[in-house]
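To keep things clear, I will list the structure first and then write my remarks on it.
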Amino acid sequence: MVKKNQTLGEFIIENQSEFAYSSGELSRLINSIRLAAKVVNHEVNKAGLVDITGAVGETNVQGEDQQKLDVYANEKFIQTLTNREIVCGIASEENDDFITIEGCNKDHKNKYVVLMDPLDGSSNIDVNVSVGTIFSIYRRVTPVGTPVQLEDFLQPGNKQVAAGYIVYGTSTMLVYTTGHGVNGFTLNPALGSWYLSHPDMKYPENGHIYSVNEGNYVHFPQGVKDYIKYCQEEKDDRPYTSRYIGSLVSDFHRNMIKGGIYFYPTSSKAPNGKLRLLYECNPMAFIAEQASGKASDGFSRILDIEPQELHQRVPFFCGSRSMVEKAEEFMAKYK
Ligand code: P6P
Numbered sequence: 026m027v028k029k030n031q032t033l034g035e036f037i038i039e040n041q042s043e044f045a046y047s048s049g050e051l052s053r054l055i056n057s058i059r060l061a062a063k064v065v066n067h068e069v070n071k072a073g074l075v076d077i078t079g080a081v082g083e084t085n086v087q088g089e090d091q092q093k094l095d096v097y098a099n100e101k102f103i104q105t106l107t108n109r110e111i112v113c114g115i116a117s118e119e120n121d122d123f124i125t126i127e128g129c130n131k132d133h134k135n136k137y138v139v140l141m142d143p144l145d146g147s148s149n150i151d152v153n154v155s156v157g158t159i160f161s162i163y164r165r166v167t168p169v170g171t172p173v174q175l176e177d178f179l180q181p182g183n184k185q186v187a188a189g190y191i192v193y194g195t196s197t198m199l200v201y202t203t204g205h206g207v208n209g210f211t212l213n214p215a216l217g218s219w220y221l222s223h224p225d226m227k228y229p230e231n232g233h234i235y236s237v238n239e240g241n242y243v244h245f246p247q248g249v250k251d252y253i254k255y256c257q258e259e260k261d262d263r264p265y266t267s268r269y270i271g272s273l274v275s276d277f278h279r280n281m282i283k284g285g286i287y288f289y290p291t292s293s294k295a296p297n298g299k300l301r302l303l304y305e306c307n308p309m310a311f312i313a314e315q316a317s318g319k320a321s322d323g324f325s326r327i328l329d330i331e332p333q334e335l336h337q338r339v340p341f342f343c344g345s346r347s348m349v350e351k352a353e354e355f356m357a358k359y360k
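According to our numbering, the residues represented by the sequence shown are 26 to 360, in order.
Laid out in structure tokens, this is it:
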């Protein structure tokens with residue numbers, strides 16, 4: 026049941042039955058994410074005013090400069106998820122290894138694990154460009170009540186029970202799926218409430234936007250070069266429009282609303298691409314497919330990839346189904 030402008034709380038209660046396996050725990054988990062999102066949003070919106078932007082002087086497991094807001098967002102989501110005693114373990118882009126929530130070692134019945142990129146695109150903070158949080162939720166595979174294991178996190182994306190993102194943009198939105206379509210909620214910061222502003226989000230039938238860092242053109246494989254030239258040639262409904270913000274959540278969100286493709290392919294500089302499978306590509310792929318789009322590594326479905334390690338990278342093509350399929354055609358020529 027979808028009623029535009031109902032609050033997120035009302036929506037969760039009305040659609041409780043959709044949450045597979047849940048006895049209200051998944052609902053409480055989504056509720057804890059929305060609380061953390063409000064707290065992080067408050068800090069992101071005043072980043073320029075207080076000394077929490079700029080690199081904290083350390084680098085994360087990706088070897089990327091860790092922005093202070095990265096650290097702040099990571100801590101807030103971990104703290105909020107831990108306090109609700111629903112989650113058994115958390116994996117984050119900002120942490121080398123996964124975190125076990127202590128309660129799991131006792132008699133807690135926590136059965137979900139969360140993987141997240143707490144602040145994706147954080148290098149954009151200092152230049153006031155929108156950033157996002159991405160999360161992916163699985164039911165653990167090891168016995169409830171025992172310590173969580175790496176295998177609880179290394180599950181293929183087709184096992185996700187929920188996935189979503191928060192985009193801290195001109196307005197702050199929470200967009201998520203539990204496998205029954207995609208719904209977008211906009212935060213009213215004055216009231217601290219989220220309102221269903223984008224019910225049942227779907228990619229338009231056709232897309233005319235392509236999003237890729239063309240500065241890497243010389244490093245791309247020939248199939249990607251040919252696809253980019255296809256997007257640029259004057260024929261049929263082309264040339265397409267090039268739009269690339271450098272923030273996955275923002276590029277993805279725009280393309281899902283307007284129609285388009287985002288791709289971060291393999292290149293001679295990044296043989297496996299840049300994006301991480303578990304907490305960037307899988308959640309975005311789940312959302313894309315639920316919105317009638319498609320997500321692949323250029324050859325096969327992202328959600329069917331069997332993960333090998335926590336921070337593994339994969340090439341990523343995601344967006345309007347017809348555009349992803351055309352890109353795959355060009356890639357297949359050089360397989
Ligand atoms: P590049 C941000 O660091 C990110 O992970 C995505 O949000 C974004 O789309 C991409 O990397 C940008 O990478 O190499 O084009 O600057």
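Every residue gets a Cβ at the ideal spot worked out from N, C-alpha and C, and that includes glycine. Predicted model only: the values in this text are computed from it and were never measured.
Run of the beta strand (DSSP E) containing residue i, from where it starts to where it stops
i, result
"P143", "Y137 to D145"
"N208", "V207 to N213"
"Q198", "The identity of residue 198 in the sequence shown is Met, whereas the question assumes Gln. Unbroken beta strand (DSSP E) run through M198: T197 to T202."
"V156", "V156 to R164"
"A320", "G318 to S321"
"V349", "Not the beta strand (DSSP E): V349 falls in the alpha helix (DSSP H), residues R346 to A357."
"I286", "I286 to Y289"
"A295", "First-last for A295: undefined, no H or E at that position."
"V112", "V112 to S117"
"A187", "A187 to Y193"
From the options, residue whose alpha carbon lies closest to that of residue i
i, options, result
"A215", "I38, V139, T197 and N135", "T197"
"L303", "N30, G82, G170 and E118", "E118"
"T107", "Y97, S147, I126 and H233", "I126"
"D122", "L179, E110, N135 and I270", "L179"
"E362", "Q337, P332 and M348", "The displayed coordinates of the chain run from 26 to 360. Any statement about residue 362 would go beyond what the structure contains."
"D329", "A72, Q185 and I55", "Q185"
"G204", "P168, G114, Q315 and K101", "Q315"
"G157", "Y201, I115 and G34", "Y201"
"I58", "N40, V112, E68 and L74", "V112"
"S222", "I282, H233, K250 and A72", "I282"
"F36", "G248, R346, V207 and T195", "V207"
"H244", "Y289, E50 and V139", "Y289"
"V138", "R279, I124, N66 and K227", "I124"
"K299", "K260, L74, G114 and N238", "N238"
"K358", "M226, S52, G248 and A98", "G248"
"Y190", "F210, T84, G182 and N135", "F210"
"F160", "L199, S236 and T266", "L199"
"H67", "A98, A116 and S52", "A98"
"N135", "V173, G146, M141 and N149", "V173"
"G240", "A313, S267, N56 and R53", "S267"
"S236", "D261, I270, K227 and L212", "I270"
"R346", "I286, K360, I327 and E334", "I286"
"D145", "L94, I162 and T105", "L94"
"L213", "G194, D225 and Y228", "Residue 213 is actually Asn in this sequence, not Leu. It is G194 whose Cα lies nearest to the Cα of N213."
"E334", "Y242, P181, M226 and E258", "P181"
"N40", "A313, K260, P224 and H233", "P224"
"R109", "L54, D142, S147 and G82", "L54"
"E258", "I327, H233 and L33", "H233"
"N56", "V81, L33 and V65", "L33"
"N85", "K28, S147 and M226", "S147"
"P246", "K360, V166, T171 and K260", "K360"
"T171", "I162, G114 and G82", "G114"
Host alpha helix (DSSP H) of residue i (start-end)
i, result
"I55", "E50 to V69"
"V237", "No alpha helix (DSSP H) contains V237, which DSSP labels as neither H nor E."
"I253", "Q247 to Q257"
"L303", "Run containing L303: none; DSSP gives neither H nor E here."
"S275", "L273 to K283"
"Y220", "Segment S218 to H223 is the beta strand (DSSP E) holding Y220; no alpha helix (DSSP H) there."
"V339", "Unbroken run through V339: none, as it is neither H nor E."
"E314", "N307 to Q315"
Buried/exposed call for residue i, threshold 16 Cβ in 10 Å
i, result
"N70", "exposed"
"G88", "exposed"
"G63", "First, the residue type needs correcting, since residue 63 is Lys and not Gly in the sequence shown. Under this definition K63 is a buried residue."
"L273", "buried"
"R164", "buried"
"N231", "exposed"
"I38", "exposed"
"N30", "exposed"
"P168", "exposed"
"L74", "exposed"
"D262", "exposed"
"G49", "exposed"
Distance cut-off 8 angstroms: residue i Cβ against heavy atoms of the ligand MN
i, result
"L302", "Looking for the ligand MN in the displayed structure turns up nothing; the ligands present are the ligand P6P."
Contact belief for residue i with residue j at Cβ below 8 angstroms, rounded distance in angstroms
i, j, result
"I188", "F102", "Reading the sequence as shown, one finds Ala at residue 188 and not Ile. Wrong, their Cβ atoms sit about 15 angstroms apart, outside the cutoff."
"R301", "H336", "6 angstroms"
"V349", "S275", "That pair is no contact at about 19 angstroms."
"L51", "T105", "Incorrect: roughly 15 angstroms between the Cβ atoms, too far for contact."
"P229", "G318", "No, P229 and G318 are not in contact; Cβ-Cβ is about 10 angstroms, not under 8 angstroms."
"V96", "V81", "6 angstroms"
Three CB pairs or more closer than 8 angstroms across the region 292-304 and the region 352-359: no
- prompt: Does the region 315-323 come close enough to the region 338-348 to have 3 or more Cβ pairs within less than 8 angstroms?
  reply: Contact between the region 315-323 and the region 338-348 is present: three or more C-beta pairs spanning the two stretches fall below 8 angstroms.
- request: Evaluate contact between the region 216-223 and the region 148-157, counting only Cβ atoms and requiring at least three cross-stretch pairs below 8 angstroms.
  value: no
- request: Determine contact between the region 245-264 and the region 303-317, defined as no fewer than three beta-carbon pairs at a distance below 8 angstroms.
  value: no
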